[in-house]
Amino acid sequence: MRNLEPALTSVANPRVKGWAKLSERKQREKEGRFKLEGVHLVEEALAAGWPLECVVFEEDMGIPEELSGYADGSVSTLSAPSWIPVSPDIIAKCVETESPQPVFAVAQRKSVDRQTLFAAGSGPIVVLDGVQDPGNVGTIIRSAAASGASAVVLGKGTADLYNSKTLRSTMGTLFCIPVLEADLAELLPEARRQGKTLFGTSLQATKSCYEVDLGRDAWLLFGNEGSGLSAAAEALVDQPIIIPMTGKAESLNVAMAATVLLFESQRQRGMRE
Numbered sequence: 006m007r008n009l010e011p012a013l014t015s016v017a018n019p020r021v022k023g024w025a026k027l028s029e030r031k032q033r034e035k036e037g038r039f040k041l042e043g044v045h046l047v048e049e050a051l052a053a054g055w056p057l058e059c060v061v062f063e064e065d066m067g068i069p070e071e072l073s074g075y076a077d078g079s080v081s082t083l084s085a086p087s088w089i090p091v092s093p094d095i096i097a098k099c100v101e102t103e104s105p106q107p108v109f110a111v112a113q114r115k116s117v118d119r120q121t122l123f124a125a126g127s128g129p130i131v132v133l134d135g136v137q138d139p140g141n142v143g144t145i146i147r148s149a150a151a152s153g154a155s156a157v158v159l160g161k162g163t164a165d166l167y168n169s170k171t172l173r174s175t176m177g178t179l180f181c182i183p184v185l186e187a188d189l190a191e192l193l194p195e196a197r198r199q200g201k202t203l204f205g206t207s208l209q210a211t212k213s214c215y216e217v218d219l220g221r222d223a224w225l226l227f228g229n230e231g232s233g234l235s236a237a238a239e240a241l242v243d244q245p246i247i248i249p250m251t252g253k254a255e256s257l258n259v260a261m262a263a264t265v266l267l268f269e270s271q272r273q274r275g276m277r278e
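Laid out in structure tokens, this is it:
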């Protein structure tokens, strides 16, 4: 096995204390690191070649089968983490899930150049303005990746990308689509100057999402679960749109609304190919 380190057994170990502190957003931002909990997220990060510092696993249980190929070098990856066996107490101290899997990784944050938004692929850009629920943010990222969106932008007041709940909700799709934080007051006017069309959902809109072009130049804006888009963002929307509903529900959950628009965009782009 490559990069195997000696086992750690004490929760008082300074390294262990450092891992545990990564549960705090301020510490993650300060260090530029975050934790990935569970086999699936770690496996997806390794498959994508994400920069991982270490993979920590419970010594008595050994390296999970899904990760063993990366550990012994039989499966190639651009990641080069160290592999650290630890005691169950250390796993329990460092992870946030109630029934933790016996593995987590410490990963480095990756910066995304804002200019990549304007040189992105054929899919739309998703912009989240104050979406506070980590599950919604993670689900939207997952839908964006699944539907071929070009990137996801997180504005002020949006749940932390590296929150453990957000990460779990992405199901690992964080590693296959650019996601970045940005000041929407600066970014959205720039997008308009570069010829992008900003769409926002509104129950008062006169056009449905099936009547407009949601292709490559579309920026899809989604606001807070309770109050919607901020006044500043709403003022920049070029085209308000509505998702037609024939049933009795007044509105959709923000993650569901985003998914509807993203897959309508995918449908439209597919028809043009």
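Residues 6 to 278 in our numbering are what the sequence shown lists, from first letter to last.
Idealized CB from N, CA, C, for every residue including glycine.
These numbers come from a predicted model, not from an experiment.
Going by DSSP, GLY143 is part of the alpha helix (DSSP H) stretching over 139-152.
Rounded to whole angstroms, the gap between the alpha carbons of GLY231 and ASP188 is 21 Å. Within the same chain, ILE246, ILE248, LEU266, GLU269 come within 6 Å of CYS214 by CB-CB distance, once the 5 residues on both sides are set aside. DSSP places THR202 in the strand class (E or B) of the three-state scheme. Between ASN18 and TYR167, the alpha-carbon positions lie close to 24 Å from each other. VAL158 and VAL132 have their C-alpha atoms spaced approximately 5 Å apart. With distances taken between CA atoms, LYS31 lies nearest to ASP165 out of ALA238, ASP165, PRO90, ILE95. Taken atom to atom, the span from the alpha-carbon of GLU36 to that of SER116 is near 13 Å.
Secondary-structure assignment with DSSP links LYS170 through no beta bridge to anything. Non-local beta-carbon contacts of THR264 in its own chain, meaning distances under 6 Å to residues more than five positions away in sequence, involve SER148 in chain order. Of the residues LEU83, SER73, MET66, ILE96, the one whose Cα lies closest to the Cα of LEU57 is LEU83.
As the crow flies, the alpha-carbon of ALA50 is around 10 Å from that of VAL44. Taking 3 residues as the shortest admissible run, the stretch 34-79 contains the following complete beta strand (DSSP E) segments, listed from N- to C-terminal end: 38-42, 57-63.
If you draw a straight line from the Cα of SER169 to the Cα of PRO69, it comes to about 20 Å.
Here SER174 is buried. Its C-beta has 16 or more other C-beta atoms within 10 Å. Residue burial annotation: ARG7 is exposed, with fewer than 16 other C-beta atoms found within 10 angstroms of its C-beta.
For a cut-off of 8 Å, the C-beta gap from THR163 to GLY135 is around 6 Å, short enough to register as a contact.
Membership of ILE95 in the alpha helix (DSSP H) is indicated by the continuous run 93-99. Just so you know, the alpha carbons of LEU225 and LEU179 end up roughly 18 Å apart. Cβ-Cβ separation between GLY153 and GLN271: approximately 6 Å, consistent with a contact (criterion under 8 Å). If you compare the alpha carbons of GLN209, GLU71, ARG114 with that of LEU27, the shortest gap goes to ARG114. Looking at GLU103, ASN229, ALA150, GLY23, the one whose alpha-carbon comes closest to that of GLY126 is ALA150.
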